[in-house]
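Asks: Pasting a structure below so you can have a look.
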Amino acid sequence: MAHKTLTGIVTSDARDKTITVTITSRETHPLYRKQYTVSRNYQAHDANNDAHVGDKVTIEESRPLSKTKSFVLKSIDERAKGSVELKQEVNAEVEDKRDYDHDGNEAAASEAEESTV
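Numbering that gives the first Met the number 0 numbers the first residue of the sequence shown as 0 and each following residue consecutively.
Here you go:
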């Protein structure tokens, strides 16, 4: 019996020798004929920790390696083009902006503390 191979994008590489791969496909509803997107996450074994977030990879079915891992990284088809750290920097800027109200002043809570002093 042939092993199932799937192609998807790495969404997490935080754990040692394990990656999370998201496979996205378009399906059509049998009755209403509307197309919709279906995403499924698979845990795959990455023995050398080669794959990183954003990489396009091919995984192959194998014997169960753990409770959730039944796939092995077969190949890295395309490396991620951008840096993922940029997203973290943007999130930090957004958090800084939350500390200020719409007028550019510090949050109302800090103003209330200053007025009571």
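Built from N, CA and C at the ideal position, the CB exists for glycine as well.
Does VAL9 pass the burial test, meaning 16 or more other C-beta atoms within 10 Å, or should it be called exposed?
Replies: Reading the sequence shown from its first residue, position 10 is the one you call residue 9. Answer is buried; the Cβ neighbour count reaches 16.
Asks: Alpha carbon to alpha carbon, what distance is there between ARG25 and VAL56?
Replies: On the sequence shown, position 57 is the one that residue 56 refers to. On the sequence shown, position 26 is the one that residue 25 refers to. Taking the straight line joining both Cα atoms gives about 19 angstroms.
Asks: For HIS28 and SER38, I'd like the C-alpha separation in whole angstroms.
Replies: Here residue 28 refers to the residue found at position 29 when the sequence shown is read from its first residue. Here residue 38 refers to the residue found at position 39 when the sequence shown is read from its first residue. Cα-Cα distance, rounded: 15 angstroms.
Asks: For ILE128 and VAL20, which I take to be in contact (beta-carbon distance under 8 angstroms), what is that distance rounded to the nearest angstrom?
Replies: Residue coverage of the chain in this structure runs from 0 to 116, which leaves residue 128 outside it and unanswerable.
Asks: So the candidates are PRO63, ASP12, ASN40 and THR36; which of them puts its Cα closest to the Cα of ALA50?
Replies: For this step, residue 50 is matched to residue 51 along the sequence shown. Per the Cα distances, ASP12.
Asks: Can you find the residues in the same chain that come closer than 7 angstroms, C-beta to C-beta, to LYS73, ignoring five residues on each side of it along the sequence?
Replies: One-based indexing of the sequence shown puts residue 73 at position 74. So the list reads THR4, THR57, ILE58 and GLU59, once near-sequence residues are dropped.
Asks: Going along the chain, which residues of its own chain have a beta-carbon closer than 7 angstroms to the beta-carbon of ASP45, five neighbours each way excluded?
Replies: In the sequence shown, residue 45 corresponds to position 46, counting from 1. Answer for ASP45: LYS16, THR17, ILE18 and LEU72, listed in chain order.
Asks: From the DSSP output, read off the bridge partner residues of TYR41.
Replies: In the sequence shown, the residue the question calls residue 41 occupies position 42. DSSP output for TYR41 lists VAL20 as bridge partner(s).
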